[in-house]
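At position 197 of the sequence shown (counting the first as 1) the number is 1023 in my numbering, and the numbers step up by one without a gap.
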Amino acid sequence: MSIRYKILLVILPLLIAPLIIAGVAASLSARSGITEVAQEFLQFKAEELARYAREQWQLLIENDLADQEEYVRVAQRSVQAHASGLIRRESELIVALNSDGQTAFSTRPIELLQDESAELQGIAAERPTGWHTISLGGEPRVAQSVRFEPFDWTLFVTEQQSVFYRAVRTITNQTALILAVTLVVAVLLSILLTRNLLLPLGRMATTMREIIGERDLSKRVPILYRDEIGDLGHTFNVMTEELDEAYQQIKQYAFQAVLARRQEQKIRNIFQKYVPVDVIDQFFANPESMLTGQKRTLAVLFSDIRSFTSIAEQLPADQIVESLNAYFSAMVDAVIERHGIVDKYIGDAIMAFFGAPVQRENDAALAVHAGMDMLAALEAFNRAQRQKGMPTFRVGIGINYGPVTIGNIGSEKKMDYTVVGDMVNLASRLEGLTKVYNVPLLISEEVQRHIASEIPCRLVDTVTVKGKRETTRIYAPAARITAEERKAWQLQHKGLEHYYRRDFTGAARYLLAARKVLPDDPIIKMFLLRCKRYLHTPPPPDWSGVTELTEK
């Protein structure tokens, strides 16, 4: 919207609003005054008719004729005649209605509609005296009603609504005409005023469009008046000069930015094969943060191929590399899909962590899901290996969760973005324990505590690993379990409660029941053998059920 129309939108309401307010006020005042006078006039007629009816009734009473129907009808006809005498124009109408809703008389013939009779009867019953807006014969009317009990009449003195408010409409139309003429004059004067006022601004806008369209910062705005608009044009000319200088600098900066962006992309393309993308993003976002280590609580995952040395001895070098590349691709995809970072390859082993450089609330669960995804990807990898006639792989995965130190660790010539800490060693030990307990995936007690609500886990054992004095319970998670597995796990856990209380007989009873559900389960078999051994040779008094493992 142009400034001309904006000025008009400001000026015109200021001119029109007072006129509208004055016109509406005059119209309302006239309507109120006329309505009041007309109401009083109709009320006067209604009261006059009621007074005359009372006089007729009084004559009947004084002459002891009130109980003679013939004389009563004569009095009623006299009242009807008096009502006709009160009529001054054809638009007026007086109607008498009895309590049955029947028309006793009317000053001229009229046929009431059914709903009109019901409406009049309702008025006669609820509010027989007062001012009403009604309809008679399908014609809107205003009415003043009065009740006359001796004749059982409700008298309605009415006037056509259109006639009643005719003077009000005349005043309203005259007011609207005045407002319309005033509006036209105000618009014409405002257009002429704003056109002359905004002429310099229009020329200034034309010059600006030429500068933009031709990209020629040498053009200048003509100064027509030495007023505020002239100051605006002068300021624009000064700004144009400054923009011309800034434009040259911007081109230089843009050229440098393009070179820097290309250089950054080259660095990313080179290093993203060796460094996680999140680490590269963090480096470019905040290079200083990469120079120091940080304390973080995160999840660490270790995986290793079982008996890879014997597998490698069966294959030529090119097939070993081909198989490893396919295996690592499947495993790394599973880790990255769960927002993990592949830290390093240790021979055929993989170390990954979850929670850095971007930390999430469910890092422990993400690590466990990644481990289960790796096992699912391994099945697909082994199917492809069998189709090629090549040996399949078996893996063990260990996951721990806890505090570590993370950062760029190494020498000036070679550094790795990695994690160190005692919990990292425990994750590595858990991976090694998968061979001992014949399960593909083991997690620590700390991991189980974080995922117990969303991933089913079974207790495998309580151990102390080599190099650590603290005990930890180890668990085997599962993506999904059958009803039989759920029942067997529950029986096993109840049996282990007795086992750790040295009640080996009670423990064996639950474990035997679990074995009936899962006959080939290695964990259940292991604890049954322990119970049998301890029943034969009880453990020492300080026995706590902890298994001490001396191998890595």
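Just so you know, even glycine gets a beta-carbon here, dropped at the ideal spot from N, CA and C.
Span of the beta strand (DSSP E) around residue i
i, result
"L946", "Per DSSP, L946 belongs to no beta strand (DSSP E); it is in the alpha helix (DSSP H), Q940 to E952."
Classification of residue i by the beta-carbon crowding that lies within 10 angstroms, buried from 16 upward
i, result
"H1195", "buried"
"I949", "buried"
"W957", "exposed"
"G1233", "buried"
"Y1079", "exposed"
"I1281", "buried"
"Y1100", "For Y1100, the pLDDT reaches just 48, beneath the cut-off of 50, and the residue's location in the model is therefore unreliable, although a value from the coordinates is still provided. So Y1100 ends up on the exposed side."
"A1191", "buried"
"A1083", "exposed"
"D1287", "buried"
"L1344", "buried"
"A1253", "buried"
"Y1243", "buried"
"D1130", "buried"
"K871", "buried"
"V1291", "buried"
"P1142", "exposed"
"T1298", "buried"
"V1386", "Absent from the structure is residue 1386, since the part of the chain shown begins at 827 and ends at 1378."
"M1030", "buried"
"W1369", "exposed"
"Y1171", "exposed"
"A1309", "exposed"
"Y1073", "exposed"
"L1003", "exposed"
First and last residue of the uninterrupted alpha helix (DSSP H) at residue i
i, result
"T1290", "First-last for T1290: C1283 to T1290, but that is the beta strand (DSSP E), not the alpha helix (DSSP H)."
"L988", "Checking the displayed sequence, the identity of residue 988 turns out to be Ser instead of Leu. It spans Q987 to F990 - the alpha helix (DSSP H) in which S988 sits, taken as one unbroken run."
"N1208", "D1189 to K1214"
"D1248", "D1248 to Y1263"
"H958", "Per DSSP, H958 belongs to no alpha helix (DSSP H); it is in the beta strand (DSSP E), G956 to L962."
"K1320", "A1309 to Y1326"
"E1280", "Run containing E1280: none; DSSP gives neither H nor E here."
"S904", "E895 to L912"
Distance CB(residue i)-CB(residue j) smaller than 9 angstroms
i, j, result
"A1202", "I1225", "no"
"A879", "P976", "yes"
"A946", "L923", "First, the residue type needs correcting, since residue 946 is Leu and not Ala in the sequence shown. Result yes, Cβ atoms of L946 and L923 sit closer than 9 angstroms."
"P1266", "C1283", "no"
"I1300", "L1268", "yes"
"P1048", "T1061", "no"
"V1168", "V1250", "no"
"Q902", "F931", "yes"
"F1128", "F1219", "no"
"W1315", "A1340", "yes"
"Q986", "R967", "yes"
"T1123", "Y1227", "yes"
Three-state secondary structure assigned by DSSP to residue i
i, result
"D1347", "coil"
"V1047", "coil"
"P935", "coil"
"T1020", "helix"
"L1127", "strand"
"L1058", "helix"
"L885", "helix"
"W979", "strand"
"Q1089", "helix"
"P1142", "coil"
"Q1120", "strand"
"F1219", "coil"
"V1011", "helix"
"G1039", "helix"
"T1363", "coil"
"G859", "helix"
"A892", "coil"
"G1228", "strand"
"E1296", "coil"
"D1070", "helix"
Residue(s) in a DSSP beta bridge with residue i
i, result
"Y1301", "I1269 and L1285"
"D1242", "I1235"
"T984", "L919 and A969"
"K1170", "M1177"
"T1373", "V1289"
"V1184", "Looking at the DSSP assignment, V1184 forms no beta bridge with any residue, so it has no partner."
"G1028", "G1028 pairs with nothing; no bridge assigned."
"I1162", "Partner(s): none; I1162 has no beta bridge."
"T929", "L923"
"F974", "W979"
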